[in-house]
Amino acid sequence: MGLISWSVFVGILASILYMTARVKEFEMNEVKLAPPRPLTGRLAATSKNTLKSVDRLFEGQLVAPECQLFHKGALYSTSMAGPIVKIVDGKIVKSLEIFKHNPKCRSHGCSIPLGIRHWKEETFVFADAKLGIFTVDFKTETFKHIFHASTVIGDWSNTFADDFDFVANDSIIFSDMAPKCGLSGYMLCALEWSRDGRLIKVNLNTGAYEIVADKLISPNGVISHPDKQSVIVASTSASELIRVYNAGPKKGKVEVFADGLPGLPDNLRATSSGKTFWVAFYCSTVNGRLFTQWFAEYPSIRKYLAYYSEYLFALDTYTSSKHVIFIEMDFEGNVVSSYHDLEGRLKEMTNIIDDEKYFYFGSASQNCIRRALKPRVK
Numbered sequence: 192m193g194l195i196s197w198s199v200f201v202g203i204l205a206s207i208l209y210m211t212a213r214v215k216e217f218e219m220n221e222v223k224l225a226p227p228r229p230l231t232g233r234l235a236a237t238s239k240n241t242l243k244s245v246d247r248l249f250e251g252q253l254v255a256p257e258c259q260l261f262h263k264g265a266l267y268s269t270s271m272a273g274p275i276v277k278i279v280d281g282k283i284v285k286s287l288e289i290f291k292h293n294p295k296c297r298s299h300g301c302s303i304p305l306g307i308r309h310w311k312e313e314t315f316v317f318a319d320a321k322l323g324i325f326t327v328d329f330k331t332e333t334f335k336h337i338f339h340a341s342t343v344i345g346d347w348s349n350t351f352a353d354d355f356d357f358v359a360n361d362s363i364i365f366s367d368m369a370p371k372c373g374l375s376g377y378m379l380c381a382l383e384w385s386r387d388g389r390l391i392k393v394n395l396n397t398g399a400y401e402i403v404a405d406k407l408i409s410p411n412g413v414i415s416h417p418d419k420q421s422v423i424v425a426s427t428s429a430s431e432l433i434r435v436y437n438a439g440p441k442k443g444k445v446e447v448f449a450d451g452l453p454g455l456p457d458n459l460r461a462t463s464s465g466k467t468f469w470v471a472f473y474c475s476t477v478n479g480r481l482f483t484q485w486f487a488e489y490p491s492i493r494k495y496l497a498y499y500s501e502y503l504f505a506l507d508t509y510t511s512s513k514h515v516i517f518i519e520m521d522f523e524g525n526v527v528s529s530y531h532d533l534e535g536r537l538k539e540m541t542n543i544i545d546d547e548k549y550f551y552f553g554s555a556s557q558n559c560i561r562r563a564l565k566p567r568v569k
C-alpha cells in the first residue's frame, strides 16, 4: 500500500474512531411527531394577512435581541451579548449588563439574557442561559442573582434557563431547556430528542425552588394560563405546545395543547388585547419538516449524525422555508389568526409583541429589532 493510500486509510480510521467516541453515549429516543397542519382556514396566507414591509430598528446597536416587552410607554429588550436595554421614543436611553466592568465578557458570552418580564416598579426578571434567573432594577441599576445555573437538581447542574412566566406575585415557572447538555451542548441533546427538559418554580424573594415537571422535550417559551393552575409551554423540537398543570387537581399532569405547528415554536407572549397569545417560530416548516425532524423516529440514524449536530442545526436554519408564519392562539388551543412573511425577512424569529399599530420581533441572530405594520385583516 502506497504512502498516499496509507494516509487516506489512517485518516478515515481516525475519523471513525473520533465519531464513535462522540456518539458512544448517545441517547436512543424514538419520537413520533404529529403530521404538520395544512395551511388552510385561519392558517392560510391571504393578501390581507401578508406583511408588506419589515423595518429594521437599532441596526448594529443590539446583538441578538431575543425578547422584548412594553412597560409604561418604554420598550425593553434583552440582548444575547449581555445588555438589557430601555428604549424610549426610538432611542436606547439605558443599557445595563451584569459584567459592565468586564467588556471581554461580551465576546466570551459570560451572560446570555433571553426571556424577560416586568415584575414590580422598575424591576424586571430575566432568564440567563448561562447563569440562571436574575432581577434587574432600572432605577438603582442593580442586579440580583435569584437562581444559579450551577444548582444541582437531580442528575444535572447545567441549568439552561430559557423563558418563564409569573404564576404568583412573587413566583415564576421557568423552562430548563437542556440540563443534561447545558447551553454549550444543546445541539447534541436536541438531536438525541433527549427528554431532559424541566419546568422549575422559583420564589423570587427567597430563591426556593421546586420541579414542576420533567422528562420534557426542549421546553422553551412559557405563558401562564388564565386558569391560574397551568402554563402553556413551547416544545420546540417537536413543533408543539404542551400544557403543564402546576396547581389544582391535575397538578403534575402534562397534556398536548397544540401540535403539528408550522415551525419550531419559541417565545409565547400575550397579545395587546391580553385575551390571546402570540406564537413565534424560530424556523418555518411550511414547506415540510426540517432535516433534523426527518429522523425523529430513527435514533439509529441520528446516532451516526451526532458528530455533525452543530452543522445539522445550521442546515435547518439555512434551508427552512422563506415563508415565515406566526400565529395568534386562544387559551383553548385554537388558532385565532395567522400572519405571513413570504420573503424570509422574519426568519429566526424568537419573540412577538404588538401595540395598536405594529408587530415587534425578537431574534437570536439578527442585530436589530424587526418591526412590521399590522395588516388590517377585518
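So the sequence shown is numbered by this note's numbering: it starts at 192 and just counts up by one.
Cβ atoms here follow ideal geometry from the backbone N, Cα and C, with glycine treated the same way.
Since the structure is predicted, the reported quantities are computational estimates derived from the model, not experimental observations.
Status (buried if at least 16 other CB within 10 Å, exposed otherwise) for residue i
i: residue 262; result: exposed
i: residue 219; result: exposed
i: residue 269; result: buried
i: residue 331; result: exposed
i: residue 239; result: exposed
i: residue 192; result: In this predicted model, residue 192 has a pLDDT of only 48, less than 50, meaning its place in the structure is not dependable enough to derive any value.
i: residue 302; result: buried
i: residue 546; result: exposed
i: residue 339; result: exposed
i: residue 407; result: buried
i: residue 563; result: buried
i: residue 226; result: exposed
i: residue 370; result: buried
i: residue 229; result: exposed
i: residue 505; result: exposed
i: residue 412; result: buried
i: residue 494; result: buried
i: residue 491; result: exposed
i: residue 509; result: exposed
i: residue 483; result: buried
i: residue 551; result: buried
i: residue 279; result: exposed
i: residue 221; result: exposed
i: residue 359; result: exposed
i: residue 410; result: buried
i: residue 532; result: buried
Residue i - containing alpha helix (DSSP H), residue span
i: residue 492; result: 490–496
i: residue 507; result: 500–510
i: residue 221; result: Counting along the chain, residue 221 falls outside any alpha helix (DSSP H), and DSSP gives it neither H nor E.
i: residue 350; result: Premise fails: residue 350 is in no alpha helix (DSSP H) and is neither H nor E.
i: residue 485; result: 482–485
i: residue 380; result: 377–383
Sheet register partners of residue i (DSSP bridge)
i: residue 438; result: Partner(s): none; residue 438 has no beta bridge.
i: residue 540; result: 554
i: residue 275; result: 269, 287
i: residue 420; result: None, per the DSSP bridge assignment.
i: residue 514; result: Answer is none; residue 514 lacks a bridge partner.
i: residue 366; result: 390
i: residue 406; result: The partner list for residue 406 (beta bridge, DSSP) is empty, contrary to what the question assumes.
i: residue 337; result: None; residue 337 has no bridge partner.
i: residue 562; result: 246, 551
CA-to-CA distance, residue j to residue i, given in whole angstroms
i: residue 265; j: residue 309; result: 12 Å
i: residue 234; j: residue 539; result: 19 Å
i: residue 216; j: residue 486; result: 18 Å
i: residue 389; j: residue 328; result: 28 Å
i: residue 304; j: residue 317; result: 7 Å
i: residue 436; j: residue 362; result: 15 Å
i: residue 572; j: residue 354; result: The first residue shown for the chain is 192 and the last is 569, placing residue 572 beyond what the model contains.
i: residue 277; j: residue 313; result: 11 Å
i: residue 463; j: residue 444; result: 29 Å
i: residue 394; j: residue 300; result: 27 Å
i: residue 311; j: residue 344; result: 29 Å
i: residue 560; j: residue 258; result: 9 Å
i: residue 284; j: residue 267; result: 10 Å
i: residue 356; j: residue 507; result: 28 Å
i: residue 497; j: residue 548; result: 45 Å
i: residue 254; j: residue 244; result: 22 Å
i: residue 397; j: residue 346; result: 23 Å
i: residue 349; j: residue 323; result: 10 Å
Host beta strand (DSSP E) of residue i (start-end)
i: residue 476; result: Where residue 476 is concerned, there is no enclosing beta strand (DSSP E), given that its DSSP letter is neither H nor E.
i: residue 235; result: Here residue 235 belongs to no beta strand (DSSP E), and DSSP marks it neither H nor E.
i: residue 323; result: 323–328
i: residue 528; result: 526–532
i: residue 446; result: 445–449
i: residue 261; result: 259–262
i: residue 308; result: 304–311
i: residue 245; result: It is not in any beta strand (DSSP E) - residue 245 carries neither H nor E in the DSSP assignment.
i: residue 454; result: 454–461
i: residue 316; result: 314–319
Original post:
Are the region 446–463 and the region 422–438 touching, with three or more C-beta to C-beta distances below 8 Å?
Top reply: yes
Original post:
Is the region 395–408 in contact with the region 509–526, if contact means three or more CB pairs nearer than 8 Å?
Top reply: no
Original post:
Taking one C-beta from the region 488–502 and one from the region 231–250 each time, how about it: are there three or more such pairs within less than 8 Å?
Top reply: no
Subject >> contact_flag[the region 530–550, the region 455–468] where n(CB pairs < 8 Å) is 3 or more >> reply: yes
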